[in-house]
Amino acid sequence: MSTTGNEAARDTAGPATSDRAAAAHRRGGRSPALRMLATRSVGAVAVLLAVTVVVFLFVHLAPGGPEQALAGREATPEQLAAIRARYGLDDPLWQQYLRYLGALTHLDLGTSLLRREPVTRSIGQAAGVTAPLVLISWLLAAVAGTALGMFTALRAGSRLDRVVLALTVLAASTPVFATGLLLAWVFGIQLDWLPVLGAGRDGGDRARYLVLPILTTTLVLLASSTRFARVRIGQILEEDQVTFARARGLSTSYVLVRIVLRNAAVQTITLSGAVLIAMLGGLVVVEQVFALPGLGTLLVTAIGARDIPVIQGVTLVVAVAVVVVNLVVDLLCLAVDPRMRRGLEVDR
Amino acid sequence: MSPAGIVLARRPRARRFLAGPGVPPGVAAAALFLGLVAVWVVAPGLAPHDPALIRPGDAYQGPSSAHLLGTDPLGRDVLSRLIDGARTAVLAPLTLAAGTIAVSTTLAVLAGYLRGWVDAVISRVVDVLYSIPALMVAIVIVGVTGGGFGLSIIVLLVFGLPANVRVLRAAVMERAALPYVEAARTLGVSTPRIMLTQLVPAIGPLVITSFFLQITFAIVDLSSLSFLGLGVPPGASDWGRMMAENRATMSANFFSTAAPGLCLAAVAVSANVLGDWLYTRYEQAGRSR
Numbered sequence: 004m005s006t007t008g009n010e011a012a013r014d015t016a017g018p019a020t021s022d023r024a025a026a027a028h029r030r031g032g033r034s035p036a037l038r039m040l041a042t043r044s045v046g047a048v049a050v051l052l053a054v055t056v057v058v059f060l061f062v063h064l065a066p067g068g069p070e071q072a073l074a075g076r077e078a079t080p081e082q083l084a085a086i087r088a089r090y091g092l093d094d095p096l097w098q099q100y101l102r103y104l105g106a107l108t109h110l111d112l113g114t115s116l117l118r119r120e121p122v123t124r125s126i127g128q129a130a131g132v133t134a135p136l137v138l139i140s141w142l143l144a145a146v147a148g149t150a151l152g153m154f155t156a157l158r159a160g161s162r163l164d165r166v167v168l169a170l171t172v173l174a175a176s177t178p179v180f181a182t183g184l185l186l187a188w189v190f191g192i193q194l195d196w197l198p199v200l201g202a203g204r205d206g207g208d209r210a211r212y213l214v215l216p217i218l219t220t221t222l223v224l225l226a227s228s229t230r231f232a233r234v235r236i237g238q239i240l241e242e243d244q245v246t247f248a249r250a251r252g253l254s255t256s257y258v259l260v261r262i263v264l265r266n267a268a269v270q271t272i273t274l275s276g277a278v279l280i281a282m283l284g285g286l287v288v289v290e291q292v293f294a295l296p297g298l299g300t301l302l303v304t305a306i307g308a309r310d311i312p313v314i315q316g317v318t319l320v321v322a323v324a325v326v327v328v329n330l331v332v333d334l335l336c337l338a339v340d341p342r343m344r345r346g347l348e349v350d351r
Numbered sequence: 064m065s066p067a068g069i070v071l072a073r074r075p076r077a078r079r080f081l082a083g084p085g086v087p088p089g090v091a092a093a094a095l096f097l098g099l100v101a102v103w104v105v106a107p108g109l110a111p112h113d114p115a116l117i118r119p120g121d122a123y124q125g126p127s128s129a130h131l132l133g134t135d136p137l138g139r140d141v142l143s144r145l146i147d148g149a150r151t152a153v154l155a156p157l158t159l160a161a162g163t164i165a166v167s168t169t170l171a172v173l174a175g176y177l178r179g180w181v182d183a184v185i186s187r188v189v190d191v192l193y194s195i196p197a198l199m200v201a202i203v204i205v206g207v208t209g210g211g212f213g214l215s216i217i218v219l220l221v222f223g224l225p226a227n228v229r230v231l232r233a234a235v236m237e238r239a240a241l242p243y244v245e246a247a248r249t250l251g252v253s254t255p256r257i258m259l260t261q262l263v264p265a266i267g268p269l270v271i272t273s274f275f276l277q278i279t280f281a282i283v284d285l286s287s288l289s290f291l292g293l294g295v296p297p298g299a300s301d302w303g304r305m306m307a308e309n310r311a312t313m314s315a316n317f318f319s320t321a322a323p324g325l326c327l328a329a330v331a332v333s334a335n336v337l338g339d340w341l342y343t344r345y346e347q348a349g350r351s352r
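Protein chains in written order, with this note's numbering: chain A, 4 to 351; chain B, 64 to 352.
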């Protein structure tokens with residue numbers, strides 16, 4: 004790759020220069036990748052602060068006001084007054100927010116009203132169920148989706164291509180609880196191969212309980228990742244660089260891995276991040292279908308019982324997860340695409 | 064064929080799914096099914112029984128001539144509840160999708176034609192919304208405030224904007240650069256008038272396509288909310304809620320859970336198939352022009 008070409012592309016506004024050091028110095032003396040990372044991190048912190056404000060306000064948005072939310076619906080007026088005094092609810096809002104932020108820095112998320120235990124403990128236990136479910140489904144869907152997308156893109160227009168396309172439409176538009184209940188009915192009840200309800204006790208047992216939830220989540224994620232990979236890889240296969248590579252007599256595997264996959268990588272990674280984030284709500288539903296004691300079930304139970312500290316805690320954890328996924332996606336893109344490391348415009 | 068042959072062969076451009084002249088059978092089936100549901104929506108009187116009538120003596124029945132799809136754990140007729148539920152199952156997603164697309168189109172035309180700071184503001188807001196899990200936020204907001212169906216529709220509307228604004232804005236920018244828009248400007252046509260009479264009609268087909276695809280997302284999200292017991296009030300014959308209520312007794316009457324599930328999936332898939340087909344037609348019309 005020629006350096007001068009890169010510089011010309013980068014400095015479209017100013018005069019083109021081939022001296023990369025000088026150009027970098029002008030922009031603050033850091034590499035574009037580090038600069039991007041810095042701005043993203045600052046942005047992530049800002050987003051998280053904004054989320055804490057919103058989550059803090061949950062208490063005040065709840066019907067009956069904060070004291071009702073904290074004391075429960077059957078509280079007497081005396082109890083309510085005691086709560087107001089104890090939590091300093093008569094202080095100015097900003098003082099209360101600072102106190103909340105201070106508690107957060109100690110990882111103190113309050114105490115669950117329903118379970119009578121620290122929210123962090125409830126969340127820790129629930130995450131032990133949700134984390135493997137999310138990560139395994141995500142990985143399976145990303146790998147299988149790209150493979151399937153490439154497989155069908157190479158056979159564009161064939162019967163297989165159309166069948167896969169029809170299946171992705173079906174899986175993507177069916178509500179996830181319908182997919183889950185169907186799988187549970189077929190594999191759990193009719194065939195009796197796998198357990199349908201709960202998360203089991205430990206290691207090997209839990210794995211068996213997680214098979215159907217993971218299968219359900221993967222199917223839904225797979226629909227979008229396959230479809231996207233199919234379209235993107237189809238586009239790249241039509242590009243001149245692929246024709247040229249074939250004309251040079253490069254092997255099929257070289258063309259597919261070095262040219263097609265590398266070109267599709269940035270968009271694929273970005274999309275799989277976006278799909279995962281969009282799927283978080285669906286995960287709540289999946290956990291409900293299979294009665295998994297994960298974060299989603301924790302959230303739904305807390306909503307039903309007006310257990311505000313738990314709702315706040317789970318919301319914060321989800322927000323952190325979203326921010327982390329976005330950062331990881333950015334980092335992966337930087338790692339995969341040299342153009343982005345040099346700060347060039349890349350269409351994502 | 065060898066792997067190398069697959070890559071090397073320059074095939075003629077294959078006919079894509081749902082493309083080409085005539086109406087493919089999949090699309091016809093989708094339209095037919097949506098037609099049936101539309102009949103249920105306008106004529107809930109077709110229901111053979113009172114959908115809310117509780118008859119404990121008739122509970123857990125399988126399909127029979129009196130109850131074509133059997134009864135649920137409270138002895139209510141499943142088919143009647145299915146027909147009665149068509150209104151919430153179809154009208155709410157339609158409203159949601161129409162609202163999303165109307166707001167998206169407005170924002171897209173403003174951003175794509177005016178550019179400048181208007182575009183900057185709209186695009187940044189859209190970027191932020193894009194990385195927020197919509198259904199998750201809806202679950203939390205509706206759950207915490209205890210707000211009903213209306214609130215869930217508003218929340219989902221806001222979070223449905225990003226993807227649509229992006230697609231439509233790109234289309235507006237493409238059109239805004241064409242000579243006929245410049246000609247209108249040169250003639251002294253006012254900016255709002257150019258937007259309404261030149262740009263909106265130009266992206267019309269894409270708007271309709273996005274509308275159909277948005278219906279699918281709306282059905283999935285709204286039914287997920289009612290499956291969780293949020294949004295629709297208890298006792299309502301909502302398809303998502305029916306599945307949540309009946310799934311524990313699935314082995315007694317399979318259809319009490321399967322029928323609403325199949326209907327939901329079929330409506331969502333039909334909307335998606337129709338949207339896809341329209342989009343392919345639109346794309347091809349653009350290519351041949």
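We treat Cβ as the ideally placed atom computed from N, Cα and C, and that holds for glycine.
(request) Note down, in chain order, each residue of its chain lying with its Cβ closer than 8 Å to the Cβ of L192/B, except the 5 sequence neighbours on either side. (result) V221, F222, L224 and P225
(message) Strictly under 9 Å for the Cβ-Cβ distance: is W188/A near chain B by that measure?
(response) yes
(request) On the DSSP bridge assignment, give the partners of T134/B in chain order. (result) Under DSSP, the beta-bridge partners assigned to T134/B are D140/B.
(request) Identify the contact partners of S202/B in chain A, using a Cβ-Cβ distance below 8 Å as the criterion. (result) The question names Ser, but residue 202/B in the sequence shown is Ile. By Cβ distance, chain A contributes G284, V287, L302, V303 and I306.
(request) Classify I117/B as buried or exposed, calling it buried when 16 or more other Cβ atoms lie within 10 Å of its own Cβ. (result) When all chains shown are included, I117/B counts as exposed.
(request) Report buried or exposed for E77/A, applying the criterion of at least 16 other Cβ atoms within 10 angstroms of its Cβ. (result) When all chains shown are included, E77/A counts as exposed.
(request) Give the single residue among A152/B, I271/B, A197/B and P255/B whose Cα lies nearest to the Cα of Y176/B. (result) P255/B
(request) Compare the beta carbon distance of S287/B and P178/A with 9 Å and say whether it is the shorter of the two. (result) yes
(request) At 7 Å on the CB atoms, spell out the chain A contacts of R187/B, in chain order. (result) Here the premise fails: no neighbours, minimum Cβ distance about 11 Å.
(message) I'd like to check one pair, P136/B with A311/B: are the Cβ atoms closer than 9 Å?
(response) A distance below 9 Å separates the beta carbons of A311/B and P136/B.
(message) What residue range does the alpha helix (DSSP H) around N227/B cover?
(response) F212 to A239
(message) Rounding to the nearest angstrom, what Cα-Cα distance links A25/A and R265/A in this structure?
(response) Legend: pLDDT at A25/A = 48, less than 50; position of this residue unreliable, no value from coordinates given.
(request) Measure the CB-CB distance between G152/A and R233/A and report whether it falls below 9 Å. (result) yes
(request) In the DSSP assignment, find the alpha helix (DSSP H) that holds V172/A and state where it starts and stops. (result) Its alpha helix (DSSP H) spans residues R162 to S176.
(message) I need the DSSP call for P121/A, collapsed to helix, strand or coil.
(response) Here P121/A sits in strand by DSSP.
(request) Using a Cβ cut-off of 8 Å, pull out every chain A residue sitting near F290/B, in sequence order please. (result) P178, F180, V288 and Q291
(request) Flag L99/B as yes if its beta-carbon sits less than 9 Å from any beta-carbon of chain A, otherwise no. (result) no
(message) In this structure, how does DSSP classify T79/A when only helix, strand and coil are distinguished?
(response) coil
(message) Tell me the rounded alpha-carbon separation between A67/B and G148/A.
(response) Note that A67/B has pLDDT 45, beneath the 50 cutoff, so the model's placement of it is unreliable and no number is given.
(request) Leaving aside the five residues before and after V172/B along the sequence, list all residues of the same chain whose C-beta is less than 7 Å from its C-beta, in chain order. (result) V235, M258, L262 and V263
(request) Express the C-alpha separation of C336/A and I272/A in angstroms, rounding to a whole number. (result) 7 Å
(message) Per DSSP, what are the beta-bridge partners of T114/A in this structure?
(response) P121/A
(request) Can you give me the Cβ contacts of T221/A inside the same chain, cut-off strictly under 6 Å, excluding the 5 residues immediately before and after it? (result) Apart from the 5 residues on each side of it in sequence, T221/A sits with its Cβ closer than 6 Å to the Cβ of S140, L143 and A144 in its chain, given in chain order.
(message) Please return the same chain residues whose Cβ sits closer than 7 Å to the Cβ of L302/A, not counting the five positions on each side in sequence.
(response) V287, I314 and V317
(request) Check whether the Cβ of V335/B lies closer than 9 Å to any Cβ atom in chain A. (result) Reading the sequence as shown, one finds Asn at residue 335/B and not Val. It does; some Cβ of chain A falls within 9 Å.
(message) Less than 9 Å between CB atoms is the rule here; does N329/A satisfy it with respect to chain B?
(response) yes
(request) Would you verify that the beta carbon of F317/B is, or is not, closer than 9 Å to some beta carbon of chain A? (result) yes
(message) Given this structure, state the Cα-to-Cα distance separating F59/A from Y100/A, to the nearest angstrom.
(response) 7 Å
(request) Check E242/A in the structure and name its three-state DSSP category. (result) coil
(message) For the ligand MG, I want to know if A160/B counts as a neighbour, meaning its beta carbon is within less than 8 Å of at least one of the ligand's heavy atoms.
(response) Ligands in the displayed structure: none, and consequently the ligand MG is not present.
(message) How far does the alpha helix (DSSP H) with H63/A in it extend, from its first residue to its last?
(response) P35 to L64
(message) Need the endpoints of the alpha helix (DSSP H) that N329/A sits in, please.
(response) Looking at the DSSP string, the run of the alpha helix (DSSP H) that includes N329/A is I311 to V339.
(request) Decide if V189/A is buried, meaning its Cβ has at least 16 other Cβ atoms within 10 Å, or exposed. (result) exposed
(message) Residues in the same chain with beta-carbon distance under 6 Å from R249/A, minus the five sequence neighbours each way, listed in chain order, please.
(response) none
(request) Measure the beta-carbon distance from V205/B to V218/B and round it to whole angstroms, keeping in mind my assumption that it falls under 8 Å. (result) 7 Å
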